[in-house]
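Chemist: Its first residue numbered 0, the sequence shown is counted upward by one per residue in numbering that gives the first Met the number 0.
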Amino acid sequence: MDRLSERRQPLFVYGTLLFPQILRALLGRVPDSAPAAAPGWRAAPLAAHPYPALVPASGTASGRLLSELTEAECRVIDTYEGDGYDVRRLSLVGGEEGWGFVADGPVDAAPGDWDPDAFAAEHLDAYVEACTALRARLLPSPPA
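1. Helix, strand or coil, according to DSSP, for glutamate 96 in the structure here?
2. Tell me whether proline 110 is buried or exposed, calling it buried when 16 or more other Cβ atoms sit within 10 Å of its Cβ.
3. Looking at the structure shown, is proline 110 part of a helix, part of a strand, or coil, going by DSSP?
4. Within 10 angstroms of the Cβ of threonine 15, are there 16 or more other Cβ atoms? Answer buried if so, exposed if not.
5. Using 8 Å as the Cβ pair cut-off and three pairs as the minimum, do the region 94-106 and the region 118-125 touch?
6. Below 8 Å, how does it come out for the region 30-37 and the region 52-61: are there three or more Cβ pairs, yes or no?
7. Work out the CA separation of glycine 94 and leucine 133 for me, nearest whole Å.
8. What does the Cβ neighbour count give for arginine 28, buried or exposed, with the cut at 16 atoms within 10 Å?
9. Does the beta-carbon distance from tryptophan 113 to proline 44 come in below 8 Å?
10. For proline 105, does the three-state DSSP call read helix, strand or coil?
11. Residues in its own chain within less than 8 Å of proline 30 by CB, not counting five upstream and five downstream?
12. In or out: arginine 41 buried (at least 16 other Cβ within 10 Å) or exposed?
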């Protein structure tokens, strides 16, 4: 997958990539970031998954802007996000722009906003473990 690249930065994140533990497990570091918000969007909880999807809505989705991602890191994030998303340019509060993974079609969204605290309590540890394995597969360490 090559939806994300160095040219498509900064990256607006609103779900599981808000967690420094997940970023460190995926990338081996926590990239620089700043608070951000995307009006006209909502981080919608999904009925069948513990992660959200960014869908058009009358509210504003809160998140962070990740900057200075390398091409390799972009590939890892792109693979992590998987199918079901498009990368689109988003207008953010304050006049900034960022790129974000948005639902590429209708989703089975639950009402309200995604709850990061509930995700952390129920799923964070398993996600960190899975992200560590994904990073090892995609970015193998050089031989010693």
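Ideal placement from N, C-alpha and C gives every residue a C-beta, glycine not left out. Computed from a predicted model, the values in this text were never measured in an experiment.
Modeler: The relevant details are as follows:
1. The answer is strand: DSSP assigns glutamate 96 an E or B state.
2. So proline 110 counts as exposed.
3. Proline 110 falls in the coil class under three-state DSSP.
4. The Cβ neighbour count for threonine 15, taken over all protein chains shown within 10 Å, is at least 16; the residue is labelled buried.
5. With contact defined as three or more Cβ pairs closer than 8 Å, the region 94-106 and the region 118-125 are not in contact.
6. By the criterion of at least three beta-carbon pairs nearer than 8 Å, the region 30-37 is in contact with the region 52-61.
7. Approximately 35 Å, taken between the alpha carbons.
8. Result: exposed.
9. Yes, the Cβ-Cβ distance between tryptophan 113 and proline 44 is below 8 Å.
10. Looking at proline 105 - three-state DSSP - the assignment turns out to be coil, as it is neither helix nor strand.
11. Annotation for proline 30: Leu22, Leu65, Ser66, Glu67, Leu68, Glu72 place their beta carbon closer than 8 Å to its own, counting only its chain and skipping 5 residues before and after.
12. By the neighbour-count rule (16 or more Cβ atoms within 10 Å), arginine 41 is buried.
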